[in-house]
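Those sequence lines, one after another, are chains G, P, A and H.
Take the first sequence: its letter number 83 is residue 83 in my numbering, and every next letter is one higher.
Take the second sequence: its letter number 98 is residue 1098 in my numbering, and every next letter is one higher.
Take the third sequence: its letter number 106 is residue 2106 in my numbering, and every next letter is one higher.
Take the fourth sequence: its letter number 31 is residue 3031 in my numbering, and every next letter is one higher.
Okay, so here's the structure we're looking at.
Number of protein chains: 4
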Amino acid sequence: MDEIKELTDLVFSFSEDRDWHQFHTPENLAKSISIEAAELLECYQWNNHANLADVEEELADILNYCLLLAKELDLNPAEIIKKKLAVNAEKYPVEKCKGKSTKYDKL
Amino acid sequence: MDEIKELTDLVFSFSEDRDWHQFHTPENLAKSISIEAAELLECYQWNNHANLADVEEELADILNYCLLLAKELDLNPAEIIKKKLAVNAEKYPVEKCKGKSTKYDKL
Amino acid sequence: MDEIKELTDLVFSFSEDRDWHQFHTPENLAKSISIEAAELLECYQWNNHANLADVEEELADILNYCLLLAKELDLNPAEIIKKKLAVNAEKYPVEKCKGKSTKYDKL
Amino acid sequence: MDEIKELTDLVFSFSEDRDWHQFHTPENLAKSISIEAAELLECYQWNNHANLADVEEELADILNYCLLLAKELDLNPAEIIKKKLAVNAEKYPVEKCKGKSTKYDKL
């Protein structure tokens, strides 16, 4: 069975059980992803030796909200990832960007 | 086959082909997730009518970096999501938080 | 005259001239500060050699929105900074935190 | 006397007293601004009725780190704000953007 679909169902049921769906507008989910992303960043605020257990929890929080947003907007996570890789492949041709961290508009 | 593992391989190959692995320290990936999360938020900066194609691309960017970070730290996305749901189930018992958006430390 | 008050007036007039005040709810300004903060972070995404002209612009954008938010909520920037330093002085007594980047709740 | 310079001195002394200057690289300060900006955003995560005392503290935290970053890079906050307003005045001519929240590249 579809692994991501199954995870989405788990995350969504958790929210449904608590009647939280009312709070999960796309806008609020977008805010939530930014908030959790900053909590992940906080693990690396002063140096690069993060506590792995903390990183794990914050990364999971980000993924949870990403799955909820994808569901809310009827987007298939696997498909949008593949689609974006195709877009990026055009923006970043191997021969132009190999070994460089330069942004596409400055390549 | 494992859907998330397969996606991770795709995203990782894209980066390997460009010799970008050298830039993908956990700290830099954490920064990148925050940066992409803010680009998603920008779709909802002034109102809640976002352009779906933009949202799709930004959400994909966030997921891409999340997969790279999970791989880098040898974390299994599906497992950490399930583990975090178990943690959240203790922090947010249904009877205490039903229909409320209150944070667990103020419940 | 009050330097910060004068700057706030400048930033506010800029917005008033464009009839943008209608978009500047506290919530939208909070989103905007996060978005601009991430653009600043992008200057340091892959290494610590940022382009100073870019940093300057992004830092200015953050400050602009901070001034607008303070005005909107009738907060005095100088006063809230001093007040927060007093709070932080209690959270971080010199003898306990000298030379350490540890967060107060783990000191 | 220069109000912003005076505030910067206060914030900087606080950090000096604790030997924290060593942690305050521009990159770490940029991360810190993003982290605090997300804490401000959290005040508005689920609705627009934020607790004013919380907003005040988070806004102060953002401003503190902004002042430290400006000092570190030898930037004058008042000057960069005025300079950015001049840039924005060209990007957003009154007659083109009046009453619109459209980004300059889509005007």
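All residues carry an ideal CB built from backbone N, CA and C; glycine is no exception.
Model, not experiment: these values are computed from the prediction.
CB-CB length for residue i against residue j, believed under 8 Å
| i | j | result |
| --- | --- | --- |
| H:N3064 | A:I2081 | 6 Å |
| G:H24 | G:L68 | 6 Å |
| H:A3037 | H:I3062 | 6 Å |
| H:T3008 | H:K3083 | Incorrect: roughly 18 Å between the Cβ atoms, too far for contact. |
| A:A2050 | H:P3026 | 7 Å |
| G:L107 | H:I3035 | The Cβ separation is near 30 Å, so there is no contact. |
Span of the alpha helix (DSSP H), counted from its first residue to its last, around residue i
| i | result |
| --- | --- |
| A:F2012 | 2003-2017 |
| G:C97 | 94-97 |
| P:A1030 | 1026-1042 |
| H:K3091 | 3077-3091 |
| H:D3074 | It is not in any alpha helix (DSSP H) - H:D3074 carries neither H nor E in the DSSP assignment. |
Cutoff 7 Å: residue i Cβ touching any chain D Cβ
| i | result |
| --- | --- |
| G:A60 | Of the protein chains in the structure, G, P, A and H, none is chain D. |
Check whether the segment 1084-1094 of chain P touches the segment 2086-2106 of chain A, taking contact to mean three or more Cβ pairs, one atom from each stretch, closer than 8 Å. no
Residues in the segment 3055-3084 of chain H having any Cβ partner in chain G nearer than 7 Å: none
Report yes or no: do three or more beta-carbon pairs, one from the segment 3037-3047 of chain H and one from the segment 22-39 of chain G, lie closer than 8 Å? yes
Under 8 Å: do the segment 3052-3060 of chain H and the segment 2067-2079 of chain A share three or more Cβ pairs, one atom per stretch? yes
Using a Cβ distance threshold of 8 Å, determine whether the segment 1097-1107 of chain P contacts the segment 13-22 of chain G, with at least three qualifying pairs required. yes
Cβ-based contacts, 8 Å cut-off: residues of the segment 2003-2037 of chain A near chain G: K2031, S2034
Chain P contacts from the segment 37-53 of chain G (Cβ-Cβ distance under 8 Å): A37, A38, L40, L41, C43, Y44, N48, A50, L52
Taking a Cβ distance cut-off of 8 Å, strictly less, list which residues of the segment 88-99 of chain G are near chain P, in chain order. N88, A89, Y92, V94, C97, K98, G99
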